[in-house]
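Enquirer:
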Amino acid sequence: MTQPTPGQDLATAIHRRLRRSLHVRHLDSGSCNGCDWELNSLLNPYYDIQRLGIDFVASPRHADLLLVTGVMTRNLAEAARLTYDAMPRPRLVVAVGACAVGGGVFAQTYAAHGSAAPVLPVDVFIAGCPPRPEAVINGLLTAVGRL
Amino acid sequence: MRLVDLLLSPVLRRRTVGYPNTPADSVTTRRTPTFAPELCTDQRACLAVCPTSAIRIESVGAGQRRWALDYGSCIFCAECIKVCPSDAIAGTDRYELVARDPAGLVATFLVEDRS
Numbered sequence: 001m002t003q004p005t006p007g008q009d010l011a012t013a014i015h016r017r018l019r020r021s022l023h024v025r026h027l028d029s030g031s032c033n034g035c036d037w038e039l040n041s042l043l044n045p046y047y048d049i050q051r052l053g054i055d056f057v058a059s060p061r062h063a064d065l066l067l068v069t070g071v072m073t074r075n076l077a078e079a080a081r082l083t084y085d086a087m088p089r090p091r092l093v094v095a096v097g098a099c100a101v102g103g104g105v106f107a108q109t110y111a112a113h114g115s116a117a118p119v120l121p122v123d124v125f126i127a128g129c130p131p132r133p134e135a136v137i138n139g140l141l142t143a144v145g146r147l
Numbered sequence: 001m002r003l004v005d006l007l008l009s010p011v012l013r014r015r016t017v018g019y020p021n022t023p024a025d026s027v028t029t030r031r032t033p034t035f036a037p038e039l040c041t042d043q044r045a046c047l048a049v050c051p052t053s054a055i056r057i058e059s060v061g062a063g064q065r066r067w068a069l070d071y072g073s074c075i076f077c078a079e080c081i082k083v084c085p086s087d088a089i090a091g092t093d094r095y096e097l098v099a100r101d102p103a104g105l106v107a108t109f110l111v112e113d114r115s
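These protein sequence lines map, in sequence, to chains A and B.
Residue 82 in this note's numbering sits at position 82 of the first sequence, and the numbers go up by one each step.
Residue 59 in this note's numbering sits at position 59 of the second sequence, and the numbers go up by one each step.
(1) Please list, in chain order, the chain A residues whose beta carbon lies closer than 9 Å to that of SER9 of chain B.
(2) Distance, Cα to Cα, VAL83 of chain B vs ALA45 of chain B?
(3) Skipping 5 residues on each side, what residues in its chain have a beta carbon closer than 7 Å to that of PHE125 of chain A?
(4) With a threshold of 16 other CB atoms inside 10 Å of the CB of PRO133 of chain A, please say whether the residue is buried or exposed.
(5) Helix, strand or coil: how does DSSP classify ALA68 of chain B here?
(6) If the cut-off is 7 Å on Cβ atoms, which residues from the segment 50–66 of chain B count as contacting chain A, listed in chain order?
(7) Determine the closest residue to PRO23 of chain B out of A:TYR47, A:VAL24, A:ASP28 and A:ALA13, with distance taken between C-alpha atoms.
(8) From GLN50 of chain A to MET87 of chain A, what distance separates their C-alpha atoms?
(9) Less than 9 Å between the C-beta atoms of THR32 of chain B and ALA68 of chain B, yes or no?
(10) Does any C-beta atom of chain B lie closer than 9 Å to the C-beta of MET1 of chain A?
(11) Here's the rule: buried if 16 or more other CB atoms are within 10 angstroms of the residue's CB, otherwise exposed. What is PRO121 of chain A?
(12) Rounding to the nearest angstrom, what Cα-Cα distance links ALA88 of chain B and PHE35 of chain B in this structure?
(13) Just to confirm, is the Cβ distance from ALA107 of chain A to SER73 of chain B under 9 Å?
(14) Measuring straight from C-alpha to C-alpha, what distance separates ALA117 of chain A and THR83 of chain A?
(15) Whole angstroms is fine: what's the gap from HIS62 of chain A's alpha carbon to HIS23 of chain A's?
(16) In the DSSP output, which residue or residues are listed as bridge partners for PRO33 of chain B?
(17) To the nearest angstrom, how far is the alpha carbon of CYS32 of chain A from that of GLU38 of chain B?
(18) LEU97 of chain B touches chain A at which residues, Cβ-Cβ below 8 Å?
(19) Tell me the DSSP secondary structure of VAL136 of chain A in three-state form.
(20) Using a Cβ cut-off of 9 Å, pull out every chain B residue sitting near THR142 of chain A, in sequence order please.
(21) Going by alpha carbons, who is nearest to ASN75 of chain A out of A:GLY114, A:ILE54, A:PHE56 and A:LEU67?
(22) According to DSSP, is ASP85 of chain A helix, strand or coil?
(23) GLY104 of chain A: buried (16+ other C-beta within 10 angstroms of its C-beta) or exposed?
(24) Check whether the Cβ of ILE75 of chain B lies closer than 9 Å to any Cβ atom in chain A.
(25) Could you check whether the Cβ of ALA112 of chain A sits closer than 9 Å to any Cβ belonging to chain B?
(26) Within 10 angstroms of the Cβ of VAL4 of chain B, are there 16 or more other Cβ atoms? Answer buried if so, exposed if not.
(27) Should ASP123 of chain A be flagged as near chain B, meaning a C-beta pair shorter than 9 Å?
(28) Secondary structure at PHE56 of chain A, three-state DSSP: helix, strand or coil?
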């Protein structure tokens, strides 16, 4: 019997808590698209996040976890709130990148609220500008531990 | 050598990463700053150059100050690394910057004042 690897641990934890795969909805709340490209790359054959039992879905109604990228703009704060309200429980929110975590370079602009935390109940924060795809996987691993 | 052999050669073949079972197999080109308190000469060039005010320096009692870097605000531009006159800030390959609380992303260092 070999020791389970972190990847197997994650898959087992997801299955134990959700009884199915972890479905992720990506929400861009005013991003520069840097973080969005890193999230896109999670689905490519090189990072292949589906091997861990995680997939991206097209609607918050199908999602267990909300990945928020970008500074929270005033225009999108209400949309972000509605997106969160549409998610079934249990639900998680993960802030990805400097803007969603701490406001980043856009924190002081008139059009932005700043970080995602005052608008959404963020469970896990992933730093980076943008974070490496590995860092996002690491953040999802941390988030699943919170379920 | 046929073209297909070249494409399948270990040099060009990129396989799916092993992460999280194995560490990331390439290093970041954008360096994560880290701080060496014993080298700091308190010239505060980093403070002036940081575009997101991620660096904070505050004095804590007698003969000590606290140098703090908030990775949650840091955009990894490496300007602080470039500008530091005493090379107290260096770049690392650290990328697993994840926390359940924004305060968990703040790295603090205590610096003794030299006089």
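All residues carry an ideal CB built from backbone N, CA and C; glycine is no exception.
Expert: Put simply:
(1) In the second sequence, counting from the first residue as 1, residue 9 of chain B sits at position 9. The premise fails here: SER9 of chain B is roughly 17 Å from chain A at the closest Cβ pair, so nothing lies under 9 Å.
(2) As a first step, residue 83 of chain B must be located in the second sequence, where it is residue number 83. As a first step, residue 45 of chain B must be located in the second sequence, where it is residue number 45. Going by the C-alpha atoms only, they are around 6 Å apart.
(3) Position 125 of the first sequence, counted from the first residue, corresponds to residue 125 of chain A. Closer than 7 Å at Cβ, skipping near neighbours: ALA95 and VAL101.
(4) Taking the first residue of the first sequence as 1, we reach residue 133 of chain A at position 133. Per the 10 Å Cβ criterion, buried.
(5) Working through the second sequence from its first residue, we reach residue 68 of chain B at position 68. ALA68 of chain B falls in the strand class under three-state DSSP.
(6) PRO51 and THR52
(7) Here residue 23 of chain B refers to the residue found at position 23 when the second sequence is read from its first residue. Comparing C-alpha distances from PRO23 of chain B to each of A:TYR47, A:VAL24, A:ASP28 and A:ALA13 shows the shortest one belongs to A:TYR47.
(8) Within the first sequence, residue 50 of chain A is the residue found at index 50, counting from 1. Within the first sequence, residue 87 of chain A is the residue found at index 87, counting from 1. About 21 Å.
(9) Taking the first residue of the second sequence as position 1, residue 32 of chain B is located at position 32. Taking the first residue of the second sequence as position 1, residue 68 of chain B is located at position 68. Against a cut-off of 9 Å, the Cβ pair of ALA68 of chain B and THR32 of chain B comes out as no contact.
(10) Against the first sequence, residue 1 of chain A aligns to sequence position 1. At MET1 of chain A, the pLDDT of 46 sits below 50, so the modelled position is not reliable; the number obtained from the coordinates is stated separately. Taking Cβ atoms only, chain B never reaches closer than 9 Å to MET1 of chain A, which makes this a no.
(11) Within the first sequence, residue 121 of chain A is the residue found at index 121, counting from 1. By the 10 Å Cβ count, PRO121 of chain A comes out exposed.
(12) For this step, residue 88 of chain B is matched to residue 88 along the second sequence. For this step, residue 35 of chain B is matched to residue 35 along the second sequence. Cα to Cα, the separation comes out at about 6 Å.
(13) For the purposes of this step, residue 107 of chain A is identified with residue 107 of the first sequence, where counting begins at 1. For the purposes of this step, residue 73 of chain B is identified with residue 73 of the second sequence, where counting begins at 1. Yes, the pair counts as a contact, with Cβ atoms nearer than the cut-off.
(14) Reading the first sequence from its first residue, position 117 is the one you call residue 117 of chain A. Reading the first sequence from its first residue, position 83 is the one you call residue 83 of chain A. Computed Cα separation, rounded: 15 Å.
(15) Sequence index remark: in the first sequence, residue 62 of chain A carries index 62 (1-based). Sequence index remark: in the first sequence, residue 23 of chain A carries index 23 (1-based). If you take the alpha carbons of HIS62 of chain A and HIS23 of chain A, they lie about 7 Å apart.
(16) Counting from 1 along the second sequence, the entry for residue 33 of chain B is found at position 33. Answer is B:GLY91, bridged to PRO33 of chain B.
(17) On the first sequence, position 32 is the one that residue 32 of chain A refers to. On the second sequence, position 38 is the one that residue 38 of chain B refers to. CYS32 of chain A and GLU38 of chain B: Cα-Cα distance of roughly 37 Å.
(18) Here residue 97 of chain B is taken as the residue at index 97 of the second sequence, counted from 1. Within 8 Å Cβ-Cβ: ILE126, ALA127, GLY128, PRO131 and ALA135.
(19) By one-based count along the first sequence, residue 136 of chain A stands at place 136. The answer is helix: DSSP assigns VAL136 of chain A an H, G or I state.
(20) The residue labelled residue 142 of chain A in the question sits at position 142 within the first sequence. One finds VAL98, ALA99 and ARG100 in chain B with Cβ atoms closer than 9 Å to the Cβ of THR142 of chain A, taken in chain order.
(21) Counted from its first residue, the first sequence places residue 75 of chain A at position 75. Ranking the options by Cα distance to ASN75 of chain A, first place goes to A:GLY114.
(22) What you label residue 85 of chain A is simply residue 85 of the first sequence in a count that begins at 1. In the structure shown, ASP85 of chain A falls within a helical segment according to DSSP collapsed to helix, strand and coil.
(23) Position 104 of the first sequence, counted from the first residue, corresponds to residue 104 of chain A. So GLY104 of chain A counts as buried.
(24) Along the second sequence, read from residue 1 onward, the residue named residue 75 of chain B stands at position 75. With a threshold of 9 Å between beta carbons, ILE75 of chain B makes contact with chain A.
(25) Walking along the first sequence from the start, residue 112 of chain A turns up at place 112. No, ALA112 of chain A lies away from the interface with chain B (no Cβ there is under 9 Å from its Cβ).
(26) Here residue 4 of chain B refers to the residue found at position 4 when the second sequence is read from its first residue. Under this definition VAL4 of chain B is an exposed residue.
(27) Taking the first sequence and counting its residues from 1, one reaches residue 123 of chain A at position 123. True, the Cβ-Cβ gap to chain B drops below 9 Å.
(28) Residue 56 of chain A sits at position 56 when you count from the first residue of the first sequence. Strand at PHE56 of chain A.
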